[in-house]
Every structure is written in structure tokens, then in C-alpha cells.
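The sequence shown begins at 317 in the working numbering and counts up one residue at a time.
Working notes for the structure below.
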Amino acid sequence: VKLATAQFEAYLPKILASHDAGIDLQEPVTGDFTGDGIDDVAIYFSLTPKDGGNALVGQGLTLYQNDGKRVKVIGGYEPDYLFSFTKISNGKIYVEKLEYAEEDGRCCPSIKTEHILTISGNKVY
């Protein structure tokens, strides 16, 4: 986790600059999503406006493969919709796509659809 976090923090200024944002949340989660029996690292992040406020201007996952000695980035997931990270289980990464019903407050989207991420090369979708 420390190695992945250090790599993420080294790249973070580029993410922040591309979104004109500040970091709100950065949370590492471990689990084997590459199928080699070694726990890998997914770092969930969310971004807020650089000048303040509580709007969410971006969020994503950065995925790091762990070979037991070092970690390397194998992909990133930054969809154009809200999502919540759910879990890593049985070699798969689960997220929930979040959507607003007509009556929902801005805080609380009520439509949740489970999605299992696919990793193909360096693409995650």
C-alpha cells in the first residue's frame, strides 16, 4: 500500500491540474484483481473545486498490480458518472453507478446499479 500511495501522490499534481481541483478523499483498498494470488492496490480518489466548496468535480480509481516486490500502475478508471467503490472480491472490482431520481436531493442519488470493472491492457471500464 505504501508503494502504491507514494506513486499515486507523485502523480496527483497532474490529476489535480487536469481538473483544476483539490483532493477531497484518497483511500487505498487491497485485493487480488489480477488473478495472480497477490493482493493488488486500488486507490479511490475524489476531487473538489480548487477554490473551495463541496461539489464533486471528479473521482476515480487508480489500479496498481503488486508482484510481491513492487507495484506498477496498470490502469485508471474515471467515468463520466458518479460512482461509489464497493469491493474487490473473487478477482473482480465492484462499483455502483449512482444516478439521481427526479425527487432526490443533491446529496443523495437513489438509483444504484452494480457494475463490475473490466481490465483490458491499460484500459478499465
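Heads up, the beta-carbon is just placed ideally off N, CA and C, and yes, glycines get one too.
Cβ neighbours of residue i in the same chain (closer than 7 Å, five flanking residues each side left out)
i    : result
G376 : F361, G392, Y393 and E394
T350 : D356 and Q381
Nearest-angstrom Cα separation, counted from residue j out to residue i
i    : j    : result
A322 : G374 : 21 Å
C414 : D420 : Here residue 414 is Leu; the residue named in the question, Cys, does not match the sequence. Their backbone Cα atoms lie some 12 Å apart in a straight line.
S436 : I390 : 9 Å
Cβ neighbours of residue i in the same chain (closer than 6 Å, five flanking residues each side left out)
i    : result
G384 : I354
L341 : S362
Which of helix, strand or coil DSSP assigns to residue i
i    : result
T434 : coil
E394 : coil
Short Cβ contact (9 Å threshold) for residue i with residue j
i    : j    : result
G347 : K403 : yes
L379 : K408 : no
N382 : V357 : yes
L332 : L363 : yes
Y416 : S426 : yes
Per DSSP, cross-strand counterpart(s) of residue i
i    : result
A337 : P365
Residues of its chain near residue i, where Cβ-Cβ distance is below 8 Å and the 5 sequence neighbours each way are ignored
i    : result
S405 : G347
E412 : F399, S400, T402, K428, T429, E430 and H431
P365 : D336, A337, G338, A371 and V373
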